[in-house]
Amino acid sequence: MNLLVINIIGLALIALIIYWFWIYKPKNVRAKDQDIIKIIVEDGVYQPAHISVPAETEITLEFERKDETPCAEMVIFPDLDISESLPINKTKTIKLKKLEKGNYQFHCQMQMYKGELHVE
Ligand SMILES: [Cu+2]
């Protein structure tokens, strides 16, 4: 490989890192009572990762895991005592009970995938 090619690859990697850490913002969705929110588990992110939920409403989450690595296998809501394994390319339904105001995190077992419910 000549030096130019190596430089271009280096610049592309730097651009990717900048994009990932500074520019990329996970999508935010706003849920209403009885909504079903579909969350795709892929490429190291939950999409959407931030879900706004009105307090005292009931919503359902449908996780669809496309990432086959073991990292993505579990989804854990530590504050809600929820810990579920996600089958690959199938929908896993998690019905949430009514929540009080606050932020509730959810993540994979290694906390590489991260998301948050904003109950307001
Ligand atoms: Cu993980």
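Counting from 1, one number per residue, gives the positions in the sequence shown under UniProt numbering.
By construction, the Cβ of each residue, glycine as well, lies at the ideal position given by its N, Cα and C atoms.
Nearest neighbour of residue i, chosen from the options [CA to CA]
{"i": "leucine 80", "options": "Thr69, Tyr104, Val5 and Ile14", "result": "Tyr104"}
{"i": "lysine 32", "options": "Thr69, Glu58, Glu73 and Lys95", "result": "Glu58"}
{"i": "alanine 72", "options": "Ile94, Cys108, Arg30 and Glu120", "result": "Cys108"}
{"i": "isoleucine 36", "options": "Phe63, Leu13 and Glu42", "result": "Phe63"}
{"i": "lysine 97", "options": "Ile14, Gln34 and Leu4", "result": "Gln34"}
Enclosing beta strand (DSSP E) for residue i [first to last residue]
{"i": "tyrosine 104", "result": "102-107"}
{"i": "methionine 74", "result": "74-77"}
Separation of residue j from residue i, as counted between CA atoms
{"i": "leucine 99", "j": "leucine 117", "result": "10 angstroms"}
{"i": "glycine 115", "j": "asparagine 2", "result": "42 angstroms"}
{"i": "glutamine 111", "j": "valine 45", "result": "11 angstroms"}
Test item: CB-CB of residue i and residue j under 9 angstroms
{"i": "asparagine 28", "j": "serine 52", "result": "yes"}
Nonlocal neighbours in the same chain, by C-beta distance under 7 angstroms from residue i, ignoring five residues either side
{"i": "arginine 30", "result": "Ser52"}
{"i": "glutamate 56", "result": "Lys98"}
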